[in-house]
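Quick notes on the structure that follows.
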Amino acid sequence: PVLGVVARRLREATAAGSTFEMSCQANIQNLPPGTAFSILILSEEAIGSPSRELASLGPEMVLQLEDSGEPGRRDGLMLFQFRIQAVQVTDRGFYSCEMKAWTKQPGEDWVEMAKGVSNK
């Protein structure tokens, strides 16, 4: 399985009170039907400083790759957007996305199949 993730800033926060918006795009390949996804939004004050987790959505949420019966549906792009309205000076930093693909058999725990971390 392959999971490549790219973060893109859609709207820069230019001053306190403005809106920051970024997208997280995942290029997925060779994932089996029933694959679930999780996404984590991270922020760092400076490159190399400790990461702060801002938002996450786990594999048991609605984010599941639907099995439409077409093999092409298991490869392709997924897009998520993250927005902070009315930003504060403390929101300044570098933002990134971490995405994971998971599988689960009945009665068992989730097993990570692939992981992708975006640029900052």
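Residue 796 is where the sequence shown starts when you use this note's numbering, and the numbers rise one by one after that. Even glycine gets a Cβ: it sits at the ideal position worked out from N, Cα and C.
Cβ shell of residue 801 (< 7 Å), same chain only, five flanking positions each side left out:
Exclusion of the five residues before and after residue 801 leaves 820, 913 and 914 as the residues of its chain whose Cβ lies within less than 7 Å of its Cβ.
Use the C-beta contact count for residue 837: other C-beta atoms within 10 angstroms, 16 or more gives buried, fewer gives exposed.
Under this definition residue 837 is a buried residue.
By the DSSP assignment, the beta strand (DSSP E) with residue 847 in it spans what residues?
Bounds of the beta strand (DSSP E) holding residue 847 are 847-852.
Do you know whose CA, among 814, 842 and 848, lies nearest residue 804's CA?
814
Can you say whether residue 893 is buried or exposed, counting buried as having 16 or more other CB atoms within 10 angstroms of its CB?
It is buried - the Cβ of residue 893 has at least 16 other Cβ atoms within 10 Å.
Distance, Cα to Cα, residue 899 vs residue 829?
8 Å
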